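Enquirer: Protein chains in written order, with our numbering: chain A, 304 to 625; chain B, 8 to 307; chain C, 2 to 523.
Every residue, glycine too, gets a C-beta built ideally from N, C-alpha and C.
All figures in this text were calculated on a predicted structure; none of them were measured in a lab.
Sharing a structure below in structure tokens format, with a few things to ask.
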């Protein structure tokens with residue numbers, strides 16, 4: 304077990320080092336920092352001085368070491384666009400994105416599991432076929448189209464829900480939450496539906512196929528033979544077994560949702576990290592792009608490592624594989 | 008195995024037939040766009056600002072020249088959509104091809120040689136896979152634009168987009184092919200040809216490759232739909248195709264600015280075409296996946 | 002269906018509005034956010050306009066754009082290069098500190114710091130000197146007629162606060178210094194900053210202790226940036242906003258058709274024009290002579306643009322076509338200069354033939370896609386028109402963040418630029434920045450190599466001419482030369498178009514500034 308832990312952590316560290324190298328490469332070589340930082344009419348001497356200030360005259364390896372030691376201390380530089388520390392910017396945006404992703408995940412689980420069960424138990428029923436068809440349309444419709452349609456319907460035509468932003472937020476320490484005000488909750492509805500749709504389809508299909516698999520297993524056949532009620536078999540025995548991979552996939556998908564939130568946040572002007580990133584891309588704000596890459600990389604590594612270790616704990620057979 | 012495959016092929020459901028037909032029709036129309044489109048929307052002299060924002064022919068103020076109306080520059084929307092679908096399919100298909108070739112190649116190498124070669128390739132793939140497609144694609148497209156100003160031009164943007172999408176997708180092929188290769192290379196016939204002393208390149212291409220092509224085709228079909236969606240998303244976010252050579256995503260981005268001004272057609276028709284195309288490919292892909300591997304049903 | 006939708010929107014909007022009016026809040030949205038709260042760390046006119054609610058300058062623009070006393074009550078030139086300013090007494094900053102000469106000196110010194118981005122906004126001033134607590138001298142490089150115009154854009158910060166927070170020097174991303182001033186704003190203005198969250202919103206509350214008698218009844222401002230035109234309009238129509246400024250031109254008809262809302266518009270000072278490279282070769286035709294150096298070719302390109310079509314279709318009749326490089330209200334404008342060549346594609350082709358290009362030539366056209374109203378659409382339209390007279394135009398559009406550095410470096414064959422002569426609001430800025438060679442602080446935005454000896458001479462004379470009629474005469478003459486030689490191709494004055502709910506009255510200004518200290522909420 305210890306060996307597995309060390310191997311996994313070592314791997315995670317390696318991945319992070321690779322991601323930092325890419326991030327550093329962007330920071331250092333993409334878009335000349337000196338051109339971006341100096342005044343338009345800066346003289347050559349001024350530029351040389353700036354080069355020295357930034358340490359750009361030192362060997363690249365030394366610069367990379369400096370970069371690493373700075374990011375370990377949480378110093379990601381200063382945004383070209385808003386002239387504020389990137390770390391602060393990300394910390395400010397994190398709650399908005401995480402709340403959106405959290406609500407979207409809950410929504411997709413709350414709807415995806417029952418619908419998946421429905422499709423597995425009565426695969427040829429009208430309802431199941433309808434759900435299947437709608438889910439196919441769901442994964443074939445780009446997120447931005449869904450978002451625009453929702454805004455047009457519920458915000459503009461019906462005037463029921465807000466079309467942009469987070470509504471009123473409450474500050475709890477460093478965390479700004481929209482979950483505690485009515486306007487904050489209303490503002491969450493459309494973006495979280497938009498974001499959840501793809502995830503919902505995925506969970507539904509997964510529940511369906513897992514449940515079909517489990518239901519055809521010997522274990523369930525024995526249970527049937529023993530005369531247990533269908534209700535008990537479906538919901539207690541089968542579903543419990545089918546949900547394990549669902550939870551895993553949902554966990555692994557949280558990272559993807561954070562990335563997908565880029566599109567949702569753009570459509571709904573949701574002040575989260577995705578909006579920060581997409582604006583950084585269009586403004587060539589390299590420090591923000593580099594930091595976002597690092598942050599998402601870290602998040603993925605953490606989630607993947609955690610899932611791997613949890614699996615190893617749950618399923619002893621996997622321990623040997625390390 | 009072969010018998011059951013052909014039996015299942017004979018029982019293709021109607022929905023798959025329809026979806027396949029729809030997808031093929033759109034693909035064909037897009038491929039033949041220069042022949043069947045009433046105008047060439049990429050030719051700046053073919054449209055006139057005076058004709059801007061004319062509604063579709065079937066609406067009261069429609070103009071008989073423009074079946075689906077015109078966009079904000081006076082371009083025929085139908086032509087722009089056909090060319091836009093062409094661009095989207097070329098980029099999506101290009102990305103799938105590049106990813107498949109690179110992925111199959113690396114997968115073969117990793118599976119055949121094993122050892123550190125395998126470990127290096129697959130670890131690299133793991134790192135790539137730990138980032139979602141859209142993020143990686145945005146980064147690649149964004150960085151390319153900063154490094155080479157020409158990256159946003161109509162000539163270069165398609166290649167940048169193909170690279171941006173393929174950089175993520177090859178891993179799936181590599182993983183599948185690697186697993187299959189490991190199984191295949193343990194088989195007696197491969198061992199036998201190895202003993203004869205055939206060069207490894209020949210073994211891989213002649214004997215292993217044909218046996219792993221089935222799953223590759225399935226992945227490619229499903230990826231085509233995903234790649235078309237990714238391209239549309241990038242163009243919608245403004246890092247894709249330029250407005251003078253629009254893809255469907257670019258058309259939707261432009262149309263989105265007009266949804267409240269009563270000019271609904273600029274956004275609606277391209278969005279509809281995009282959804283239909285992706286839907287068609289997805290249904291066929293789903294069916295293919297079930298056909299080749301019933302156990303894979305419903306996953307991913 | 003459309004009518005029902007609009008009806009529903011109107012009903013829901015009015016329902017929401019009735020609850021929001023008591024607080025006299027103005028909820029306002031624009032496509033961009035404030036870049037920073039540090040007035041000297043940026044040169045964007047939008048940010049400057051926004052910060053004017055919190056800060057006051059020494060002199061400001063009044064209701065009719067005239068210069069009037071603000072934190073300074075009077076001024077006079079004591080020497081040709083020294084101006085003396087009497088300061089207003091009894092003014093307090095938002096933190097309670099008193100406003101004195103020290104604050105003016107500290108602010109001007111901070112602006113003149115080499116690290117300050119906005120340093121160029123006061124380029125002629127060398128230093129500020131305190132005479133007594135309420136008198137300050139500003140020393141300029143020489144006689145300078147536009148000092149007051151410049152000062153209208155220079156905000157005064159609190160010296161004690163800057164000392165306490167270590168922000169006496171401006172923030173500098175190069176050295177990694179970000180000061181408290183980029184996230185907090187302490188001024189003397191009509192509103193106090195309550196909160197600032199980039200991309201989420203900025204809130205302000207009324208300053209009850211403002212030194213001036215308020216002409217507004219606004220108690221609170223909630224600013225929310227919304228980049229997408231469609232979302233911004235949706236938010237106004239659904240009652241989530243009171244004011245969108247600017248409002249997208251394509252939606253004005255739809256908004257004004259709804260009786261709960263109104264549209265206000267007028268021509269802006271911002272003049273949109275096309276620049277033409279005067280270098281030896283074009284990027285699109287390396288190794289060949291630059292055809293744009295021929296006057297006839299430039300004339301053909303101008304005559305090949307159907308300005309009326311752009312005005313009607315792209316700008317929806319809201320812009321005003323123009324033939325000169327400054328807007329009518331700006332000193333230097335002359336009616337006689339403001340004439341159009343008129344669209345004539347055949348004439349344009351004939352001119353190209355006369356100039357030796359019967360088959361046209363290849364030309365790059367570069368434009369921003371997020372800076373001016375419908376910039377991208379205008380450029381695609383121009384490219385199509387030029388292609389029709391035989392000039393194969395390759396149009397490229399990009400975000401302003403990457404566009405303007407390239408424009409500065411002169412990388413374009415032809416390009417779009419907008420100029421509003423802000424902040425000084427004087428034709429001299431066109432001459433000194435766009436029409437003169439880049440030398441001695443002139444020609445700062447002239448990257449395309451245009452020079453003309455007569456304009457050079459007139460500009461240098463106007464720079465130090467304190468006699469106003471004579472100075473204007475020189476500018477008119479220089480702009481006439483620019484027009485005759487087709488230095489740039491003027492297109493139009495873009496409109497300022499805002500949309501608000503009926504109960505909000507906001508006066509509009511041609512400099513595109515939103516000045517909510519003139520707003521009335523009903």
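Which term fits residue 613/A, buried or exposed, when burial requires 16 or more other beta carbons within 10 angstroms of its beta carbon?
Expert: With fewer than 16 other Cβ atoms within 10 Å, it is exposed.
Enquirer: What residues of chain A sit near residue 407/C, judged by a beta carbon separation below 9 Å?
Expert: Near residue 407/C there are no residues of chain A at all, since even the closest Cβ is about 11 Å away, more than 9 Å.
Enquirer: Identify which residue in 599/A, 417/A and 585/A has its Cα closest to the Cα of residue 150/B.
Expert: Considering only alpha carbons, the answer is 585/A.
Enquirer: Please state whether DSSP places residue 45/C in a helix, a strand or coil.
Expert: Looking at residue 45/C - three-state DSSP - the assignment turns out to be coil, as it is neither helix nor strand.
Enquirer: Please list, in chain order, all residues of the same chain as residue 389/A whose beta carbon is under 6 Å from its beta carbon, the five residues on each side excluded.
Expert: Within the same chain, residue 389/A has close Cβ partners 379, 380, 382, 590, 591 and 594.
Enquirer: Going by the beta-carbon positions, is the gap between residue 273/C and residue 432/C smaller than 8 Å?
Expert: It is not a contact, given that the beta carbons lie outside the stated cut-off.
Enquirer: What are the complete alpha helix (DSSP H) segments, minimum 4 residues, inside the stretch 101–145 of chain B?
Expert: 122–136, all fully within the stretch 101–145 of chain B.
Enquirer: Residue 285/B touches chain A at which residues, Cβ-Cβ below 7 Å?
Expert: In chain order: 443.
Enquirer: Among 345/C, 90/C, 59/C and 320/C, which residue has its Cα nearest to the Cα of residue 76/C?
Expert: For the residues 345/C, 90/C, 59/C and 320/C, the minimum Cα distance to residue 76/C belongs to 59/C.
Enquirer: Please name the residue in 148/B, 184/B and 81/B whose C-alpha comes closest to that of residue 120/B.
Expert: If we check each option's Cα against that of residue 120/B, 184/B comes out closest.
Enquirer: Would you kindly check if the distance between the Cβ of residue 588/A and the Cβ of residue 384/A is under 8 Å?
Expert: Yes.
Enquirer: Report the rounded CA-to-CA distance for residue 281/B versus residue 383/C, giving the unit in angstroms.
Expert: Spanning the two alpha carbons is a distance of roughly 30 Å.
Enquirer: Kindly list, in the order they appear in chain B, the residues whose Cβ is closer than 9 Å to that of residue 254/C.
Expert: Those within 9 Å of residue 254/C in chain B are 268 and 269.
Enquirer: Give a yes or no on whether 8 Å exceeds the smallest Cβ distance from residue 335/C to chain B.
Expert: For residue 335/C, the answer is no, since every Cβ of chain B falls outside 8 Å of its Cβ.
Enquirer: Could you tell me if residue 374/C is buried or exposed, where buried requires 16 or more neighbouring beta carbons within 10 angstroms of its beta carbon?
Expert: Burial call: buried.
Enquirer: Quick check: the stretch 469–485 of chain C against the stretch 427–444 of chain C, are at least 3 beta-carbon pairs closer than 8 Å?
Expert: Because the criterion of three Cβ pairs below 8 Å is met, the stretch 427–444 of chain C and the stretch 469–485 of chain C touch.
Enquirer: Taking only beta-carbon positions, decide if residue 501/C is within less than 8 Å of chain B.
Expert: Chain B, which has no Cβ nearer than 8 Å to the Cβ of residue 501/C, makes this no.
Enquirer: To which residues of the same chain is residue 226/B closer than 7 Å at the C-beta, ignoring the five residues directly before and after it?
Expert: Same-chain partners within the cutoff: 179, 180 and 183.
Enquirer: Which bits of chain A does residue 240/C rub up against, with CB to CB less than 8 Å?
Expert: Correct list: 462.
Enquirer: Any beta carbon from chain C within less than 8 Å of residue 299/B's own beta carbon?
Expert: Output row for residue 299/B: interface = no.
Enquirer: Leaving aside the five residues before and after residue 317/C along the sequence, list all residues of the same chain whose C-beta is less than 8 Å from its C-beta, in chain order.
Expert: Cβ within range, chain order: 250, 251, 253 and 254.
Enquirer: Between which two residues does the alpha helix (DSSP H) holding residue 218/B run?
Expert: From DSSP, the alpha helix (DSSP H) with residue 218/B extends over 216–243.
Enquirer: For the structure I just gave you, are there three or more beta carbon pairs, one from the stretch 496–513 of chain C and one from the stretch 262–276 of chain C, closer than 8 Å?
Expert: They touch, by the three-pair rule.
Enquirer: Using three-state DSSP, classify residue 614/A as helix, strand or coil.
Expert: DSSP places residue 614/A in helix when its eight states are reduced to three.
Enquirer: For a test of the three-state rule: what should DSSP assign to residue 366/C, helix, strand or coil?
Expert: Reduced to three states, the DSSP call for residue 366/C is strand.
Enquirer: Could you name the residues of the same chain whose beta carbon sits closer than 7 Å to that of residue 149/C, not counting the 5 residues immediately before and after it, in chain order?
Expert: 60 and 68.
Enquirer: Count Cβ pairs between the stretch 156–175 of chain B and the stretch 96–111 of chain B that sit closer than 8 Å; are there 3 or more?
Expert: Counting Cβ pairs under 8 Å, three or more are found: they touch.
Enquirer: Identify whether residue 127/C lies in helix, strand or coil by the three-state DSSP scheme.
Expert: If DSSP states are grouped into helix, strand and coil, residue 127/C belongs with the strands.
Enquirer: Out of curiosity, what's the CA-to-CA distance linking residue 483/C and residue 456/C?
Expert: Straight-line Cα distance between these residues: approximately 8 Å.
Enquirer: Could you run through the stretch 584–604 of chain A and flag, in chain order, every residue whose CB is less than 7 Å away from some CB of chain C?
Expert: Flagged, chain order: 585, 586 and 587.
Enquirer: Leaving out the 5 sequence neighbours to the left and right, which residues in its chain are closer than 6 Å to residue 78/C when beta-carbon positions are compared?
Expert: The residues are 84.
Enquirer: Where does residue 557/C fall in DSSP's three states?
Expert: Here chain C comprises residues numbered 2 to 523, so residue 557/C is not present and cannot be evaluated.
Enquirer: Assuming residue 157/C contacts residue 124/C under a Cβ cut-off of 8 Å, what Cβ separation, rounded to an integer in Å, is found between them?
Expert: That belief does not hold up - the Cβ atoms of residue 157/C and residue 124/C are roughly 19 Å apart, past 8 Å.
Enquirer: Does residue 213/B come out as helix, strand or coil in the three-state DSSP assignment?
Expert: Reduced to three states, the DSSP call for residue 213/B is helix.
Enquirer: For the stretch 380–405 of chain A, which residues have a beta carbon sitting closer than 9 Å to at least one beta carbon of chain C?
Expert: Correct list: 380, 381, 382, 383, 384, 385, 386, 387, 388, 391, 392, 395, 396 and 399.
Enquirer: Going by the beta-carbon positions, is the gap between residue 54/B and residue 72/B smaller than 8 Å?
Expert: The answer is no: Cβ separation not under 8 Å.
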